[in-house]
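Peer 1: Right, I'll just put the structure down here and ask away after.
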Amino acid sequence: MKKILMICAVILGFAFTASAQDSGKAEFKFNEEKHDFGKIPQGTPVTTVFEFTNIGKEPLILTEVRPTCGCTIADYTKTPVKSGDKGTIKITYNAAAAAPFNKTIVVKSNAVTPEKYLNIVGEVVAKPAASK
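Under mature numbering (1 follows the signal peptide of the UniProt record, and there is no 0), the residues of the sequence shown are numbered -20 to -1, 1 to 112, in order.
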């Protein structure tokens, strides 16, 4: 009986140790993860900034910020973000084609959640035809 209790105690100890290791890692807290541009005029690029805070204990390092299409450009904080500090991801969308859009930006880092997805949505409306 003592051996069974000892084995259970060791297993529980490993489980708590494993979960405690993740709590010290870096972690994102975004001000928003989806931005709606609403209706925007065709041919006019638009920009938004996703701001995040590192709520973990270790420095947060963004290893890649990759838009899923060529119509979107990303610029982001390239230096490690210390615990409690803020960083940014600036997204510029080229509103070339008149149509609704829903674009995803993949953010890779050393965080507890190593891959995060941000979204931008809206509708590009055609410019009125120039009258003669």
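Every residue gets a Cβ at the ideal spot worked out from N, C-alpha and C, and that includes glycine.
Along the beta strand (DSSP E) that carries glycine 102, what are the first and last residues, could you check?
Peer 2: Translated into the one-based positions of the sequence shown, residue 102 becomes position 122. Here the beta strand (DSSP E) through glycine 102 covers 95 to 105.
Peer 1: For asparagine 34, write down the residues that DSSP places opposite it in a beta bridge.
Peer 2: Locating residue 34 in the sequence shown gives position 54, counting from the first residue. In the DSSP output, where bridge partners are listed per residue, asparagine 34 has Phe8.
Peer 1: Could you name the residues that DSSP lists as bridge partners for serine 89?
Peer 2: On the sequence shown, position 109 is the one that residue 89 refers to. Beta-bridge pairing links serine 89 to Leu42.
Peer 1: Mind checking whether phenylalanine 30 and phenylalanine 17 have CB atoms under 7 Å apart?
Peer 2: One-based indexing of the sequence shown puts residue 30 at position 50. One-based indexing of the sequence shown puts residue 17 at position 37. Contact: no.
Peer 1: So, for tyrosine 56: in the same chain, excluding its five sequence neighbours on each side, which residues have a beta-carbon less than 6 Å away from its beta-carbon?
Peer 2: Along the sequence shown, read from residue 1 onward, the residue named residue 56 stands at position 76. Excluding residues within five positions, the ones whose Cβ falls inside 6 Å are Leu42, Val45, Ile69.
Peer 1: Based on the DSSP output, what are the partners of asparagine 74 in its beta bridges?
Peer 2: Residue mapping note: residue 74 aligns to position 94 of the sequence shown, counting from 1. Partner(s): none; asparagine 74 has no beta bridge.
Peer 1: Beta-carbon separation of threonine 84 and threonine 48 under 7 Å?
Peer 2: Taking the sequence shown and counting its residues from 1, one reaches residue 84 at position 104. Taking the sequence shown and counting its residues from 1, one reaches residue 48 at position 68. For threonine 84 and threonine 48, yes; Cβs fall inside 7 Å.
Peer 1: Determine the direct distance from the alpha carbon of phenylalanine 32 to that of glycine 67, and round the result to whole angstroms.
Peer 2: Taking the sequence shown and counting its residues from 1, one reaches residue 67 at position 87. Taking the sequence shown and counting its residues from 1, one reaches residue 32 at position 52. Looking at the two C-alpha atoms, the distance is approximately 5 Å.
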